[in-house]
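Novice:
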Amino acid sequence: MVVALDKLLDVVCVGAAIVDIPLQPVSKNIFDCESYPLEQISMTIGGDAINEATVLSRLGHKVGLVSMVGHDAVGNFILEHCEKNGINAEGIKIRDGINTSINIGLVTADGERTFVSNRNGSLWKETIEDIDLEKTTRGRILSYGSFFNNPRLDNRALVRIFEKAKEAGMIICADMIKPRLGETLDDVAEALSYLDYFFPNNDEARLMTGEQEIPKVAEKILSYGVKCVAVKIGKEGVYIRRNSGEELIVPAMKGITAIDTIGAGDNFAAGFISGLIENKTLRECGEYGNVTASLAIQSIGATTGVKNRGMWDRQMAEYRKQYPV
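Numbering of the sequence shown is given in the working numbering, commencing with residue 1275 and proceeding in unit increments.
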C-alpha cells in the first residue's frame, strides 16, 4: 500500500505515554525476602504510543504523539523525552489533577515480565476528550498504541478517532493487549473494521478469538473487517495474512538472547510501520518489525534497544546474511 505524501508527519501515534521502572532480574520468591537487592533500578519511558513514537523517530521518521499526562514531574519527564528525541508533542494534553501513570515492571531472568500499575493514573483516566482529533490527522499513518490499554477509550471513542483518520486518507495500524476489564473483540468490532494493519501477539490473539491454530486465529480477526493481520509468534517470527488470502511467515532473527521483553511488541509495530512509510513489500515490513524487536529485547527498557538508524541498519544487514533475498 502506497501512503500519501502530502502530510506534515509520517506517523501520528495515539495512546499511552507513561514511565516504566523495570526491576530485573527478579524471581517469584521476591516477597519471601525482607530486602531484595538489584544491580540497577532506573526510570525509563514506557507506554505503547510513546514507545512506538520514540523508535520511529530514531529510525529517521517524522512522528507526532497524541496522549495525556498529568501536571507533574513524571509528565515533565515525558515531555523532555519527546523534545530530546524529536517527537512532535503538540498533541499531548497536560491535565491538572491527574497523576501521570507509572508502571513497575517485574522482569525475570529469562525476560518475561508482569506490571504493577496505578489505576488512578493517566493511563486509566485518558478519554476521548483528552484527544485533539485535528492533531491525529496530521500524518500519513495513524498508529493506535493498543486496543484495551486505555480502558476509557472504548469502541465509540476509537471509531471517532478512526473515522477522522480515514476522512484524512490515513492508513490505520493498531496493536492490542489482553483486556483489562474483560472486553471482547465483539465489544470493539466496529473500531476493528477500520484497521488496515493489526499486530496482536499469539497469546493475545488466541485468547480473544478462541482459536489455537494461527491461520484460524488470523481468519477470525480478518472476519471483523481488518485488512491485514500480523500475528507475532515469538521466536518463530510473525505470521501475516491479508483479507485477500495472501499469507506468509517472516522468520525471526537467529541467535538472539532476550534480556527484557518489555516493549518488544511496540518495537515490532514501529519497525513494521517504518516499512510502510518506506513503501516496502509486506514481507519486508515483517522483516523490519522482526529486526527492530530483536534489538529491543537485548536491552532493559522499552526504548533503549534502538538508538539510531545506523545501529538498526547494521542489524538488518546481519538479518540479510541469515536470510538472503
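Note that CB positions come from ideal geometry on N, CA and C, so glycine has one too.
When the distance is taken between beta carbons, is residue 1298 closer than 9 Å to residue 1431?
Specialist: Their beta carbons are not under 9 Å apart, which means residue 1431 does not touch residue 1298 by this criterion.
Novice: Going by Cα to Cα distance, which pick from 1355, 1561 and 1574 is closest to residue 1598?
Specialist: When only C-alpha atoms are compared, the closest one is 1561.
Novice: Is it true that the CB of residue 1462 sits closer than 9 Å to the CB of residue 1488?
Specialist: For residue 1488 and residue 1462, no; Cβs fall outside 9 Å.
Novice: Given that a residue counts as buried once 16 or more other Cβ atoms are within 10 Å of its Cβ, and exposed if not, what is residue 1394?
Specialist: The residue in question, residue 1394, is exposed, as its Cβ has fewer than 16 Cβ neighbours within 10 Å.
Novice: What are the residues that DSSP puts in a beta bridge with residue 1587?
Specialist: Answer is none; residue 1587 lacks a bridge partner.
Novice: Between which two residues does the beta strand (DSSP E) holding residue 1377 run?
Specialist: Counting along the chain, the beta strand (DSSP E) containing residue 1377 begins and ends at 1376-1381.
Novice: Between which residues of its own chain and residue 1278 is the CB-CB distance below 6 Å, once the five residues before and five after are set aside?
Specialist: Legend: pLDDT at residue 1278 = 46, less than 50; position of this residue unreliable, value from coordinates given subsequently. Contacts found: 1414 and 1443.
Novice: With a threshold of 16 other CB atoms inside 10 Å of the CB of residue 1315, please say whether the residue is buried or exposed.
Specialist: By the neighbour-count rule (16 or more Cβ atoms within 10 Å), residue 1315 is not buried but exposed.
Novice: What does DSSP give as the partner residues of residue 1416 in its beta bridges?
Specialist: In DSSP, residue 1416 forms a bridge with 1286 and 1446.
Novice: Residue ranges of each beta strand (DSSP E) run of no fewer than 3 residues wholly in the segment 1478-1545, ordered along the chain?
Specialist: Listed in chain order, they are 1502-1506, 1512-1516 and 1521-1524.
Novice: I'd like to know if the segment 1435-1453 and the segment 1358-1365 are in contact, where contact means that at least 3 CB-CB pairs between them fall below 8 Å.
Specialist: As far as the Cβ criterion goes, the segment 1435-1453 does not touch the segment 1358-1365, which means the pair count is below three.
Novice: Look at the alpha carbon of residue 1427 and the alpha carbon of residue 1546, and state the distance between them as a whole number of angstroms.
Specialist: Rounded to the nearest angstrom, the two C-alpha atoms are 24 Å apart.
Novice: Near residue 1274, what residues of its chain come up, given a Cβ to Cβ distance below 7 Å and the 5 sequence neighbours on each side ignored?
Specialist: There is simply no residue 1274 to check, as the chain begins at 1275 and stops at 1599 in what is shown.
Novice: Determine the burial state of residue 1418: buried for a count of at least 16 other Cβ atoms within 10 Å of its Cβ, exposed for fewer.
Specialist: So residue 1418 counts as buried.
Novice: Going straight from the alpha carbon of residue 1458 to that of residue 1473, what length do you get?
Specialist: Using only the alpha carbons, I get a separation of about 16 Å.
Novice: Please check the pair residue 1376 and residue 1352, which I expect to be a contact at CB under 8 Å, by giving their CB distance rounded to whole angstroms.
Specialist: Residue 1376 to residue 1352, Cβ: 11 Å. No contact.
Novice: Excluding the 5 residues flanking residue 1498 on each side, which residues of the same chain have their C-beta closer than 8 Å to its C-beta?
Specialist: Excluding positions up to five away in sequence, the list reads 1459, 1463, 1466 and 1467.
Novice: Should residue 1451 and residue 1421 be called a contact, given that it needs their Cβ atoms to be closer than 9 Å?
Specialist: Yes, the Cβ-Cβ distance between residue 1451 and residue 1421 is below 9 Å.
Novice: Please state the DSSP three-state secondary structure of residue 1562.
Specialist: Residue 1562: helix per DSSP, three-state reduction.
Novice: Quick one, which of 1536, 1501 and 1558 has its alpha-carbon nearest residue 1526's?
Specialist: Of the listed residues, the one whose Cα sits closest to residue 1526 is 1558.
Novice: Write down the C-beta distance between residue 1409 and residue 1365 rounded to the nearest angstrom, noting that I regard them as a contact closer than 8 Å.
Specialist: Right, their Cβ atoms sit about 4 Å apart.
Novice: In its own chain, which residues sit with a C-beta less than 7 Å from the C-beta of residue 1276, not counting the 5 before and 5 after it?
Specialist: In this predicted model, residue 1276 has a pLDDT of only 41, less than 50, meaning its place in the structure is not dependable; the value taken from the coordinates is given anyway. Answer for residue 1276: 1553, listed in chain order.
Novice: With a CB to CB cut of under 8 Å and the five nearest residues on each side skipped, what residues in its chain are close to residue 1518?
Specialist: None.
Novice: Is it buried or exposed, residue 1594, if we count other Cβ atoms within 10 angstroms and call 16 or more buried?
Specialist: Answer is exposed; the Cβ neighbour count stays below 16.
Novice: Looking at the structure shown, is residue 1316 part of a helix, part of a strand, or coil, going by DSSP?
Specialist: If DSSP states are grouped into helix, strand and coil, residue 1316 belongs with coil.
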